[in-house]
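Engineer: For what it's worth, UniProt numbering labels the leading residue of the sequence shown as 1, then goes sequentially. The beta carbon of each residue, even a glycine, is placed where N, CA and C say it ideally should be.
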Amino acid sequence: MSEERLAQARAWLRQDPDPATRDELAGLITRAAAADEAAVAELDDRFRTRLAFGTAGLRGELGAGSNRMNRVLVAQAAAGFAAYLREKANGGTPTVVIGYDGRRNSRVFATDSAELFAGAGLRAILLPRLLPTPVLAFAVRHLGADAGVMVTASHNPPNDNGYKVYLGGADQGSQIVAPADAEIAAHIQRVADAGPVTALPRATDYETAGEDVVEAYIAATAAVAPAPAGTTGMRWVYTAMHGVGWETLSRIVKDAGYPQPFVVDEQLTPDATFRTVSFPNPEEPGAMDLAFARARRVKADFILANDPDADRLAVAVPDEESPQGWRRLTGNEVGLLLGARAAKAAAGTPGASLACSLVSSPGLGAVAAHHGLDFHETLTGFKWISRAPGIVFGFEEALGYLVNPETVRDKDGVSAAVAILGLAAEARDRGATLTDLLDELGETYGHFASGQVSVRVDDLSIIGDVMLALRSLPPTQIAGRSIASAEDLLQAPQGQPSGDVLRYRLTDGSRVIVRPSGTEPKLKVYIDARAESAQGARDAVAELEAGVRTLLDERS
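1) Taking the straight line between their C-alpha atoms, what separation do you get for alanine 65 and tryptophan 12?
2) Which of the three DSSP states is assigned to serine 106 in this structure?
3) Less than 8 Å between C-beta atoms, sequence neighbours within five positions excluded: which residues of the same chain meet that for glutamate 426?
4) Check aspartate 488 in the structure and name its three-state DSSP category.
5) Suppose the cutoff is 6 Å on Cβ atoms and the five residues either side in sequence are ignored; what does the same chain contact list for tyrosine 217 look like?
6) Starting from the C-beta of alanine 388, find all residues in its chain whose C-beta is less than 7 Å away, skip the five residues before and the five after it, and write them out in chain order.
7) Measure the C-alpha to C-alpha separation of alanine 240 and leucine 313 and round it to an integer number of angstroms.
8) Please classify serine 113 as buried or exposed, where buried requires at least 16 neighbouring CB atoms within 10 angstroms.
9) Pick out the complete alpha helix (DSSP H) segments inside the stretch 19-89, 4 residues or longer, and give them in chain order.
10) Can you tell me whether threonine 95 is buried or exposed, with buried defined as 16 or more other CB within 10 angstroms of its CB?
11) Quick check on DSSP: helix, strand or coil for glutamate 396?
12) Flag this pair as touching only if the stretch 34-49 and the stretch 139-146 have three or more C-beta atom pairs under 8 Å; answer yes or no.
13) Using the three-state DSSP reduction, which class does lysine 164 fall into: helix, strand or coil?
14) Do the stretch 444-460 and the stretch 246-259 make contact, defined as three or more Cβ pairs closer than 8 Å?
15) Opposite methionine 288 in the DSSP bridges: which residues?
16) Leaving out the 5 sequence neighbours to the left and right, which residues in its chain are closer than 6 Å to glycine 245 when beta-carbon positions are compared?
17) Ordered along the chain, which non-local residues of its own chain (more than five positions away) have a Cβ less than 7 Å from that of alanine 185?
18) Going by alpha carbons, who is nearest to proline 158 out of Arg530, Gly547, Pro308, Thr444?
19) Helix, strand or coil for isoleucine 527 per DSSP?
20) Which same chain residues, not among the five before or five after aspartate 181, have their C-beta less than 6 Å away from its C-beta?
21) Am I right that valine 264 and leucine 434 are in contact with their C-beta atoms under 8 Å? What's the rounded C-beta distance?
22) Have a look at serine 415 and histidine 371 and give me their C-alpha separation to the nearest angstrom.
Listed below in structure tokens is the structure:
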């Protein structure tokens, strides 16, 4: 163990206010100083770099060290963000709202931030309790704040946490984008370089928001799709995935006039251990098994599931061909259902647009064209989707939907749930189901299908190696289909979306997109096909998925 690394760790230990991470780090230092190889490697991993602050803010594993989420790192981030806001305020007093979910240390990180913002001379407003991320995004606009911070790691593994940053004013409560991310990161680095966080000024005179903020969100969201007459017989199941969605959603459901759901009791209340799932993400295999079982018992019409911070929504429908009798709809299927709903309402509105990320279904463009609306394809992330000009609806395939842009400029799994309830109720009124609505989409806009191949890695360098191999030795075909054009978005023309993305358009009209995940150690491949029938599109996707796996094996 180098003396420099040990000195770095000891300096961190002296400023750490958290007894748990102090004890953890002290033990590592002792073992590393005694040449314990595992401790040396662990200490090096924790201090060889800083957890990067980017357009998603901070997100990572809890623990001591500059490469982990902890109270020292959060204090540096809060002080750096405060300095950025003061600089932009030109002598004014910026207002920042702070929210938090039910993960480990979320409330501690939020309270630390509130005290540091107040100590830096900002007006700091802490939300009254753990709440969904969309409530924080709403509060930034509702309170006219200059910024917002949400302490959450969304659907990440149980031992992760994060720090998501929003800007008000001209940014309308959207997540940060460049150049703000780099400017904030520079301020954070200056704080870290200046000395220990124990020297940072703190104050306890921050405000705690009243229930009126939550009630305003509930009223605005219930208004997204008030229940039509005749919904009393609708049977549905809901799970909060051990997160914070249920309290808020249940009140909205009541106010909007829908019947309360049958709930998955084991997953209904916040639980930072996420004890019934191996991975708290509705997209992951097994995550919705308890919801499927509950739905079978009560003979439900459909299932709705939020992720732990309730900014995403999963929808499942009965499916006799599925082993469990239920099938989770893809994010693209739900996105097209909600996109068609929004397009019908906005038809004829000058400048109104639909937007989705470039890896989401091109079917949304067909919906927009059918209704005479503008269409925007953006980089992945709602920080980009929410900024689309004239947006009335936006989505991305990872179960994120923006259905209420006048109140929340971010994905919102609660308002999306209300919109789905409205669609289900309207369909039920004419003897149809959500599955029937999907069939009708194909008949109206064309039959689209999508698939995804994800490769999770322990070593992030593997992803870089695969992307380099694909660039160095470009494929000429996938699953026997010739590639008509290949685009490297690292070299995109000015004004076009750019990023570490490879996009292949095939001669049969299919599309394959390869990119590293922005939030997880994964390489993701997105596949889209259009055909004369729904089955034809699904068959094309299945063949392309097999071809993609072969291609990745060849390049890895």
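Structural biologist: From the atom records:
1) Strictly speaking, residue 65 in this sequence is glycine, with alanine absent from that position. C-alpha separation (whole angstroms): 7 Å.
2) helix
3) Pro228
4) strand
5) Excluding five sequence positions before and after tyrosine 217, the CB atoms of its chain that fall closer than 6 Å to its own CB belong to Val135, Phe138, given in chain order.
6) Ser353, Ala355, His376, Thr378, Gly394
7) 10 Å
8) buried
9) Qualifying alpha helix (DSSP H) stretches, in chain order: 19-33, 37-47, 71-89.
10) buried
11) strand
12) no
13) Three-state result, lysine 164: strand.
14) no
15) The partner list for methionine 288 (beta bridge, DSSP) is empty, contrary to what the question assumes.
16) Pro132, Asn306, Ala310
17) Phe53
18) The shortest C-alpha separation from proline 158 is found at Pro308.
19) Residue state, collapsed to three classes: strand.
20) Around aspartate 181, the same chain offers Gly54, Thr55 as residues with beta carbons nearer than 6 Å, after the five sequence neighbours per side are excluded.
21) Not a contact, Cβ separation roughly 19 Å.
22) Between serine 415 and histidine 371, the C-alpha separation is close to 23 Å.
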